[in-house]
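>
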Amino acid sequence: MDAPIFLRIDNRKQHDISMRELAHAYTEDTQVKWNGVLGRMELKAENDVKLQQVNVYPDIAGKRIKVKAVLVRTNPQTTQAEVTLQVNCAETVYIAGKLPHPAGYRPL
Numbered sequence: 062m063d064a065p066i067f068l069r070i071d072n073r074k075q076h077d078i079s080m081r082e083l084a085h086a087y088t089e090d091t092q093v094k095w096n097g098v099l100g101r102m103e104l105k106a107e108n109d110v111k112l113q114q115v116n117v118y119p120d121i122a123g124k125r126i127k128v129k130a131v132l133v134r135t136n137p138q139t140t141q142a143e144v145t146l147q148v149n150c151a152e153t154v155y156i157a158g159k160l161p162h163p164a165g166y167r168p169l
């Protein structure tokens, strides 16, 4: 689904940060004035389910670990998530477990 994104720019001088109109952000000779955007702009896509907290409890003598995790659903329409625990040891990757999990909804 395509959805247009609009950015409205107000190029009026809102703050007097210059001395004799020489501040680079407000001159007619800079691209900043032409584009009207100063600083960082960002549009991020995020997953429907996020790990909010992860605690790992190692049992070295028993050669195992216990993992407690809190999942947060950011999209109310998402009802299921799958958690995969992967252990990397040198160049070997072990899938220690996969767990389907109902995703509870709590807005961030």
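Using my numbering, the letters of the sequence shown correspond one by one to residues 62 to 169. A virtual CB, placed ideally from N, CA and C, is assigned to each residue, including glycine.
1. If we ignore side chains and look at the alpha-carbon of each, how far apart do E152 and P65 end up?
2. With DSSP as the reference, please indicate the residues paired to K105 in a beta bridge.
3. Could you tell me whether the Cβ atoms of V128 and V110 are closer together than 9 Å?
4. Measuring alpha carbon to alpha carbon, tell me which residue in L68, D63, L146 and Q141 is nearest E103.
5. Identify which residue in K105, P137, G158 and Q138 has its Cα closest to the Cα of Q147.
6. By DSSP's criteria, I156 is part of a beta bridge. Which residues make up the other side?
Let me spell this out:
1. Stepping through the sequence shown from its first residue, residue 152 is reached at position 91. Stepping through the sequence shown from its first residue, residue 65 is reached at position 4. For E152 and P65, the distance between alpha carbons rounds to 45 Å.
2. Start at 1 with the first residue of the sequence shown, and residue 105 comes out as number 44. DSSP, once it has assigned bridges, lists no residue as partnering K105.
3. Here residue 128 is taken as the residue at index 67 of the sequence shown, counted from 1. Here residue 110 is taken as the residue at index 49 of the sequence shown, counted from 1. The answer is no: Cβ separation not under 9 Å.
4. Translated into the one-based positions of the sequence shown, residue 103 becomes position 42. Checking every option, the nearest Cα to that of E103 belongs to L68.
5. Indexing the sequence shown from 1 puts residue 147 at position 86. It is G158 whose Cα lies nearest to the Cα of Q147.
6. Taking the first residue of the sequence shown as 1, we reach residue 156 at position 95. The partner list for I156 (beta bridge, DSSP) reads Q147.
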